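These notes concern the structure reproduced below.
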């Protein structure tokens with residue numbers, strides 16, 4: 001679906017144009033065309049491929065989707081793949097994709113499997129003509145910056161989830177089974193985000209410092225800023241992953257501890273029953289010469305002995321922390 | 001066994017030729033020869049070694065087989081080893097090998113221990129003469145691309161296996177023993193694929209960017225595309241390996257939890273038996289002054305007490321989650 | 001809040017000036033201005049941004065805060081972010097931030113969320129005019145040196161915490177639950193310090209050796225000294241992390257050992273009760289021909305047998321280490 | 001002990017010579033001398049050191065032995081240390097050492113603590129004069145190739161040991177203790193091989209590509225082949241190490257599972273005894289009004305009840321997998 | 001404390017001199033001064049700082065002590081920090097430090113917190129004037145070589161400790177608690193040695209190959225030899241660390257196994273008591289129609305039944321390995 005197709009000159013929007021006119025405007029040296037597609041049909045993509053004469057391999061990547069994040073140069077065209085991360089209401093991470101083709105005087109963004117849109121990016125760019133004047137390279141920066149900035153709430157959410165689990169782990173009577181399942185799912189989510197963010201380090205790193213594609217040459221401070229954000233994200237994920245691994249190990253220790261506590265309790269209760277049972281057994285013996293059996297208070301005394309001994313045991317187990 | 005032996009000029013197939021004529025065609029500057037062998041006998045290999053005057057060490061590697069994936073230059077000849085991965089019906093991974101010798105005007109592929117064939121690669125190349133015109137370097141690309149593309153279903157299958165196990169791990173009453181065995185086997189398979197894919201990163205990396213063998217010089221975008229696929233595979237394997245390791249640890253926690261639950265149940269049942277046994281013991285004592293023994297309802301009352309106390313215990317154990 | 005705003009010439013303080021005069025002094029080639037802000041309002045920051053004409057992206061980073069430690073060049077201006085680490089009385093680590101803008105003839109430090117101040121740094125600089133003569137680059141060094149030096153007591157404290165836990169782990173009757181919780185928290189703190197210190201390695205590494213920003217060019221030995229301190233910190237953290245991980249594993253072993261000891265005790269006590277219960281059961285049987293029941297000493301003999309057998313059992317369990 | 005001392009010219013052996021004549025032949029520009037020592041006495045080594053004027057530090061290394069594998073240049077002399085790995089009949093790995101001094105026109109190999117000899121290497125070299133013509137550099141290659149090739153059977157054996165243990169781990173009733181001990185010993189052996197093989201990667205890497213010692217300059221394809229073998233070995237070891245670590249973890253899970261199964265069985269058997277004991281206890285009570293006691297079939301009915309209830313329990317435990 | 005202060009010319013010792021004369025000799029171009037201090041007072045250090053005009057930052061490092069091992073250049077002066085490792089009689093590692101200042105014509109070594117002295121180094125240097133002629137750089141080499149050589153006995157001792165623990169781990173009836181504690185302490189010691197040795201790799205690496213400080217330029221083979229020793233040490237430590245980690249894991253498995261064995265024994269003993277208790281209970285029932293009670297041999301038969309059944313159980317538990 002075509003979202004937008006507009007021509008810009010000198011940092012200002014000239015007009016919206018129909019897709020068929022794109023190639024005309026591409027010939028004008030001082031304009032650039034900015035097209036946005038969403039979940040395009042193969043035919044729409046094919047049309048764009050021809051309008052912009054995109055490289056076969058890049059177009060194929062956009063057609064297939066499910067690429068790793070990357071920035072590739074095909075001649076003087078840049079092809080960039082970014083992952084879009086969304087949290088659905090249950091806290092699951094949805095991974096979408098935006099593929100951006102950046103030429104000397106055009107930007108084509110193809111967004112798939114995601115509800116994240118870039119209308120605000122376009123609006124901001126149009127509000128800042130002194131920056132938009134940099135042309136297609138600035139649009140790529142603005143898109144990247146917007147994509148990466150939306151990783152932060154996802155990371156924060158994951159960090160929050162870890163803290164919730166941490167709090168529960170050391171709380172007695174928490175469900176170790178739930179903790180472990182949630183830690184595992186959290187690890188999965190972290191791997192998803194890492195899978196989306198880490199390749200960006202290398203990709204964005206190509207756009208500043210050293211030899212830089214011409215279209216980005218005047219914007220190195222800006223791309224370094226994106227790089228810095230991506231690095232912050234990846235380092236935070238690393239810390240979270242490390243802590244999740246440690247939490248899984250620690251949880252195992254807590255489970256073992258609980259198991260040990262249960263065994264202690266089992267032992268204590270067994271003793272509390274075994275002691276009076278033994279006494280009852282003794283006075284159930286059929287010896288003839290058992291004087292206690294004849295005592296008037298024999299029976300109540302026996303019962304008292306049972307209760308008293310159990311009380312003593314109970315207190316000692318209490319003190320030892322077994323009960 | 002000789003599968004194919006054909007001469008190409010300007011991107012089009014000229015004719016099939018007998019192996020003995022190869023050296024004649026090699027002298028024609030504008031042709032290239034494409035030969036495919038399958039599980040060749042030492043004699044067949046020896047014949048090819050002489051027709052193409054292959055380097056002794058490369059020929060020896062092809063003869064021995066069981067090489068690591070690699071790309072090596074011997075003068076202006078490229079020697080490339082690729083692993084072929086197949087899933088057999090039980091989900092086991094079969095590793096085959098294809099060794100490709102690429103000269104200025106010839107390609108010799110030697111396939112062993114695998115049922116994967118490359119007839120479709122040859123057909124596709126012949127359908128795209130504008131690409132096949134690049135010569136032997138393009139054939140190498142097409143073969144690599146085909147080999148690597150067949151890694152994806154293998155990886156997907158392994159990812160699917162992990163998901164199946166994951167689902168079972170947290171389901172109560174699943175067989176922890178089966179889970180653990182399957183996780184171990186999955187890890188083994190992942191190592192096999194990694195062993196096949198990871199060395200390709202370095203190998204394919206030599207074919208684009210920086211100094212590139214002449215035969216591949218005009219095809220760098222294509223080799224970069226293969227590299228990108230290999231990287232996607234290796235990164236996915238890394239994630240899977242990490243998750244398998246975590247799943248093994250998590251499964252251990254689940255086992256410990258189950259053990260703990262069993263101990264609790266053991267303790268609870270022991271108590272349910274110990275309580276009436278104690279009461280029975282008490283009324284089995286032989287004291288003379290035990291008034292309850294004389295009561296008409298003594299016996300039924302004793303039985304009731306046993307039942308009631310056990311019910312109370314049972315309810316409390318239920319509430320505590322021990323039963 | 002403005003803390004300080006002074007002009008220096010030739011290593012000596014000239015005078016305190018109001019912020020509005022800064023731009024005047026910046027035009028004088030032989031002076032440099034040193035401004036210190038603490039938790040500034042957006043307006044204060046905006047004013048400084050204009051006085052010093054700071055780069056938009058750097059100013060934005062300072063406004064947002066919560067950056068990773070880094071050193072970035074914007075033209076001939078250096079922008080540096082450092083983390084300030086404080087221990088609160090409960091041993092928690094508070095992370096503050098100081099952002100330093102360093103130009104040819106100015107230093108602007110913006111401190112947020114921290115009670116650590118740099119009055120002593122300013123005082124020391126003013127006492128050493130032969131060093132302060134190096135200008136803004138030396139002030140940056142002095143600030144970095146002061147920030148990094150305050151990491152050492154934090155690290156020492158964490159090392160001390162580890163030693164305390166270590167001592168407890170192997171002591172019998174220590175609370176394994178507390179140990180594990182403290183190990184986890186310690187790991188968290190180590191990750192916090194590492195998160196603050198490790199990026200400094202790369203950042204400070206840019207300021208000596210190789211191509212160096214002009215403002216630091218004459219101070220490379222000094223920046224290498226800071227680098228050396230940071231490296232000492234990061235290596236110490238690595239060792240601590242490794243030992244914490246090992247301690248968590250070792251603690252799990254100790255827990256398992258304790259569990260095993262409890263099971264042994266449970267078994268021993270069960271036997272101590274089961275033996276006399278069995279004897280009592282035997283003499284509770286109703287056979288007619290049980291001669292012992294008629295013996296005068298039958299009853300005391302039975303009791304003695306119980307005690308003696310239990311004593312023997314007790315001694316053997318003692319010897320086996322089960323009790 | 002002197003094994004061999006011969007002069008070669010143009011790829012052919014001239015003659016065996018006594019060690020004292022070595023220095024004479026070294027002056028002839030077109031010859032090279034190949035000397036092999038085995039477990040030499042310090043005096044023998046000293047004599048060689050003087051004949052070849054070896055560098056003091058290299059000679060000292062050979063005298064001390066127990067070096068890491070390495071290749072070092074001393075001026076235009078190469079000093080290479082290789083480990084020799086042998087399997088003794090019990091599957092233990094014996095580590096020997098061969099130190100090779102390679103000059104422009106001599107090779108001196110010093111073999112210690114190993115029964116592996118190189119007579120076949122010398123024989124093969126003499127059969128291939130077109131290769132031996134490359135001189136001392138080729139002899140070094142032939143020795144390295146022979147040493148490295150003997151690592152493969154060792155690795156295969158270790159891989160086989162792992163497979164044996166793997167099979168046992170998941171088999172019920174296998175001895176977990178033996179498995180664990182063997183896994184540990186296997187890990188030890190893997191570390192030994194890795195210790196011998198990994199440093200070779202760097203060492204052999206110096207002999208091809210980039211700046212290469214003159215004596216090896218024409219043999220780069222050959223050294224790359226050795227490098228490739230070493231890499232195959234080190235990668236295989238890495239996989240084995242990883243799998244051994246995983247197997248140790250998996251074995252722990254299996255142990256925990258077995259423990260859990262034992263606890264279940266304990267609980268089940270306890271119940272099977274507790275149930276009839278309780279019934280017996282009930283009918284052992286001394287109440288007057290227990291009608292069952294008077295029934296003719298009371299006793300057999302009670303026994304039947306015990307058996308039937310136990311049967312029911314037994315069936316249910318069977319179904320639950322506890323027995 | 002001043003240990004030594006001597007002047008050397010052309011590899012030979014001229015004379016001992018008082019510290020105050022140092023600066024006079026430093027002006028003579030063909031001499032070099034070698035001073036050794038031990039645990040110096042701040043005043044002694046200050047005096048040396050002035051005699052040699054040491055760089056402020058280096059002098060400060062020496063004053064503070066507790067530096068990481070390193071080699072730093074200050075102009076044409078080298079500042080080197082080395083750790084001295086000693087084993088005290090209980091096997092604890094004591095870490096001392098020697099700081100070496102090396103100028104064109106002087107060496108100043110400052111040793112602290114260690115009883116290791118370098119008199120033998122000085123003696124050896126004076127015995128080998130042809131090497132000492134290289135000047136201050138050779139003295140630095142000799143000191144480094146001596147320091148590093150003393151790491152080997154420490155490592156050997158740690159390797160020996162690991163072997164002792166390994167032997168005990170798999171021996172039944174060994175104290176798992178002691179093993180675990182010793183493994184943890186061993187790990188600690190390994191980290192200490194690693195902390196001292198690893199930074200030397202980088203430090204010594206600066207002294208050979210590539211751009212080398214002038215004072216060491218003619219001694220690159222010697223420094224490479226030191227590097228090689230350090231690498232051997234660090235690799236051995238890595239192997240030891242890896243094995244210690246594995247041993248900790250393996251020990252946990254052994255503990256779990258022992259725990260499982262105890263549970264089995266508990267179950268077996270419980271059964272051995274429960275069986276006769278049940279029989280006794282049955283014959284303690286008060287049914288009227290129990291013919292066995294009337295049999296003359298009823299009682300001994302009952303006892304026999306108990307013994308026989310227990311014997312059968314005992315044999316079966318024995319066979320199952322539970323007892």
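Chains as they are written, first to last, in full-length UniProt numbering: chain A, 1 to 323; chain B, 1 to 323; chain C, 1 to 323; chain D, 1 to 323; chain E, 1 to 323.
Virtual Cβ for every residue (Gly too), placed ideally from N, Cα, C.
The structure displayed is predicted, hence computed values, not measured ones.
Residue environment analysis places residue 164 of chain B among the exposed positions, since fewer than 16 neighbouring C-beta atoms fall within 10 angstroms of its C-beta. For residue 109 of chain C, the closest of C/141, C/305, C/128, C/126 by C-alpha to C-alpha distance is C/141. Counting only Cβ-Cβ distances below 8 Å, residue 101 of chain B has no contacts in chain D at all, with the closest Cβ about 14 Å away.
No residue range can be given for residue 105 of chain C, since it is assigned to no beta strand (DSSP E) and is classified by DSSP as neither H nor E.
Contacts with chain B (Cβ-Cβ distance below 7 Å) from the segment 254-279 of chain A involve 255, 256, 258, 259, 262, 263, 265, 266, 269, 270, 273, 276, 277, listed in chain order. Taking a Cβ-Cβ threshold of 9 Å, the residues of chain D close to residue 281 of chain B are 281, 284, 285, in chain order.
Note that the C-beta distance between residue 107 of chain E and residue 82 of chain E is not below 9 Å. Looking at the DSSP output, residue 305 of chain B sits in no beta bridge, so it has no partner there. When the beta-carbon positions are compared, residue 10 of chain D and residue 24 of chain D stay at least 9 Å from each other.
Three or more beta-carbon pairs drawn from the segment 261-278 of chain A and the segment 260-269 of chain C are found closer than 8 Å, and the two stretches are therefore classed as touching.
Taking the C-beta atoms as reference points, residue 112 of chain B is found no nearer than 9 Å to residue 46 of chain B. Secondary structure at residue 55 of chain D: coil, using DSSP grouped into helix, strand and coil. The contact set of residue 191 of chain E on chain C, defined by CB atoms closer than 7 Å, consists of 239, 242, 243 in chain order. Distance from residue 144 of chain D to residue 204 of chain D at the Cβ level is roughly 7 Å; contact confirmed, criterion being Cβ atoms closer than 8 Å.
Residue environment analysis places residue 51 of chain C among the buried positions, since at least 16 neighbouring C-beta atoms fall within 10 angstroms of its C-beta. Bounds of the beta strand (DSSP E) holding residue 16 of chain B are 12-16. For residue 178 of chain A, the three-state secondary structure derived from DSSP is helix.
Of D/88, D/213, D/169, the smallest CA-CA separation from residue 137 of chain D is found for D/213.
Spanning the alpha carbons of residue 221 of chain C and residue 54 of chain C requires a straight line of approximately 28 Å.
If you ignore the 5 residues before and after residue 317 of chain D, its C-beta comes within less than 7 Å of the C-beta of 268, 323, all in its own chain and listed in chain order.
Taking the C-beta atoms as reference points, residue 151 of chain C is found nearer than 9 Å to residue 85 of chain C. Between residue 208 of chain C and residue 184 of chain C, the CB-CB gap reaches or exceeds 9 Å. At a C-beta separation below 9 Å, residue 222 of chain A has these neighbours in chain C: 57. Around the beta-carbon of residue 69 of chain E, 16 or more other beta-carbon atoms lie within 10 Å, marking it buried. Between residue 196 of chain E and residue 230 of chain B, the alpha-carbon positions lie close to 40 Å from each other. Nearest CB-CB separation between residue 188 of chain D and chain E: below the 9 Å threshold.
Collapsing the DSSP output to three states places residue 4 of chain B in a strand. Pairing residue 238 of chain D with residue 192 of chain D, the inter-Cα distance amounts to about 12 Å. Each of E/92, E/58, E/308 was checked against the Cα of residue 79 of chain E, and the nearest Cα belongs to E/58. Counting C-beta atoms within 10 angstroms of its own C-beta, residue 258 of chain A has 16 or more neighbours from the protein chains shown and is therefore classed as buried.
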